[in-house]
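What follows is one structure encoded as structure tokens, with my remarks underneath.
In the working numbering, the protein residues as written are 617 to 1083.
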């Protein structure tokens, strides 16, 4: 027993070694700021940066200052099935991690049996009762760090599920927000189409009377009928788009689709938020997909060490303590029995299989590093794309607003000219068409600008409620 204790102390002393290299964070050279993050992007009214988070994370969708949007996002975070599934994935990974942590500890078992009969390998004169009870312990010493590496891998997988959960939340918030903006845009376009239809319907009544009185030619009547039909056909288009968008939004919310009441009108669309200039690239460190990719490297790197450790001998300690008797009456008279030992098992000739397993895990690690680098590069692209879209859509929106103002004024002047007989009805109809299209394009541009802000916050890792 003293020898076994000495061996145990020796093994524990040397069990601090672990096979394989410790994880080293992958580094990617990049600029300190983004290409399109400059002073011409947007005026800064606060010194605060997007990197400043409160205890619950930056609730970036609230920057649009829309209470309906706030409510929809909160419902989605609570009810969306993909989010709930991600929570279950976290629970599953945590349980797997706890199981793996227990592998490094001794295993204690209890067993026993009782038999009665006249045969125990040979016949006896009468029936005998025998019983046996014992407790055993088995412990594989983690001399080469195999189980500690597997613990590292399991912990990284567990953390990875948390980052995956955050990524799903971030994507969900972005989808709800952009779908909401799309719904707003469809409603605004519907209102414009409906107003245009009402205007053209009134104009057609006047044109019809003038034609009946022989004041105007039939071509003017036909043109008025065409323009009314165009506006009339646009109304159901946007009715359909509103319903389909509400259906898609209902799926994101985890509820059956329903009409969204009290949507802002065309003049009350989401307010454009402000963002600071000179965004630091370190903000990407908050992106959950990057953090997830990094944990994949951690996990895979640990598996390399575990595979290396599997090529070396495994040492196990076993112990047994129990009592046995040939008769039940010997329960108190029987003495204790014990046994202790150490087992050594080492791979000998496996024809290079264990070595190849190490090589396979190394290749997987290299792939994980490449996946991480690709994720970072995509993140930089996402931010740059969002920044240039914001910059150009802002300029485009200014031009669209100017276009709408001029087109509406031209439409009014053209109507006055036509009513006074100065110009043809065809000119008036052309100005109506241009004003209608200009208003639709303005709404579409504003929606694209808002979506670009959503894309920027998502690309930067935004913020998310903690699980």
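We treat Cβ as the ideally placed atom computed from N, Cα and C, and that holds for glycine. None of these values were measured; they are calculated from a predicted model.
- For residue 680, there is no enclosing alpha helix (DSSP H), as DSSP marks it with neither H nor E.
- Assignment of beta-bridge partners to residue 746 by DSSP yields 731.
- The three-state reading of DSSP puts residue 719 in coil, since its state is none of H, G, I, E or B.
- By the criterion of at least three beta-carbon pairs nearer than 8 angstroms, the segment 782 to 797 is in contact with the segment 1059 to 1077.
- One thing to note: residue 727 has its Cβ no nearer than 8 angstroms to the Cβ of residue 702.
- For residue 698, the CB contacts under 6 angstroms within the same chain, skipping 5 residues up- and downstream, are 784 in chain order.
- It is roughly 59 angstroms from the alpha-carbon of residue 1042 to the alpha-carbon of residue 700.
- When the beta-carbon positions are compared, residue 720 and residue 767 come within less than 8 angstroms of each other.
- Residue 822 is classed as exposed because its beta carbon has fewer than 16 other beta carbons within 10 Å across all chains shown.
- The C-beta of residue 904 has 16 or more other C-beta atoms within 10 Å across all chains shown, which makes the residue buried.
- Considering only 745, 715, 773 and 716, the residue with the shortest C-alpha distance to residue 729 is 745.
- If you draw a straight line from the Cα of residue 874 to the Cα of residue 865, it comes to about 9 angstroms.
- For residue 691, the closest alpha carbon among the candidates 924, 857 and 868 is that of 868.
- Contact between the segment 807 to 820 and the segment 708 to 723 is not established, with fewer than three Cβ pairs separated by less than 8 angstroms.
- Taking the Cα positions, residue 711 is about 43 angstroms away from residue 859.
- Using a C-beta cut-off of 8 angstroms, the segment 839 to 851 makes contact with the segment 1042 to 1060, since at least three inter-stretch Cβ pairs fall below that distance.
- Annotation for residue 922: 762, 765 and 766 place their beta carbon closer than 6 angstroms to its own, counting only its chain and skipping 5 residues before and after.
- Residues 1033 of the same chain have their beta carbon placed closer than 6 angstroms to that of residue 1039, with the five preceding and five following residues left out of the count.
- Counting along the chain, no alpha helix (DSSP H) covers residue 1076, and no H or E run does either.
- Here the alpha carbon of residue 798 sits roughly 21 angstroms from the alpha carbon of residue 695.
- Residue 783: member of the alpha helix (DSSP H) spanning 762 to 828, first to last residue.
- Straight-line spacing of the CA atoms in residue 638 and residue 918 works out to 8 angstroms.
- For the set 838, 796, 803 and 807, the Cα lying nearest the Cα of residue 820 is the one of 838.
- A Cβ-Cβ distance of about 12 angstroms is found for the pair residue 1018 and residue 1061, leaving them out of contact under the 8 angstroms criterion.
- In the three-state reduction of the DSSP assignment, residue 726 falls in the strand class, which pools E and B.
- Residue nearest to residue 916 within the set 772, 708 and 968 is 772 (criterion: CA-CA distance).
- The residue among 770, 754 and 686 with its C-alpha nearest the C-alpha of residue 708 is 770.
- A Cβ-Cβ distance of about 16 angstroms is found for the pair residue 827 and residue 817, leaving them out of contact under the 8 angstroms criterion.
- With fewer than 16 other Cβ atoms inside 10 Å of its own Cβ, residue 871 counts as exposed.
- For residue 913 against residue 995, the beta-carbon gap comes to about 16 angstroms, at or over 8 angstroms, which does not count as contact.
- Sorting 876, 909, 971 and 902 by C-alpha distance to the C-alpha of residue 920 places 971 at the top.
- Taken atom to atom, the span from the alpha-carbon of residue 1025 to that of residue 1047 is near 9 angstroms.
- If only complete runs of 3 or more residues are kept, the segment 822 to 873 shows no beta strand (DSSP E) anywhere.
- Cα atoms of residue 776 and residue 796: separation of roughly 30 angstroms, rounded to the nearest angstrom.
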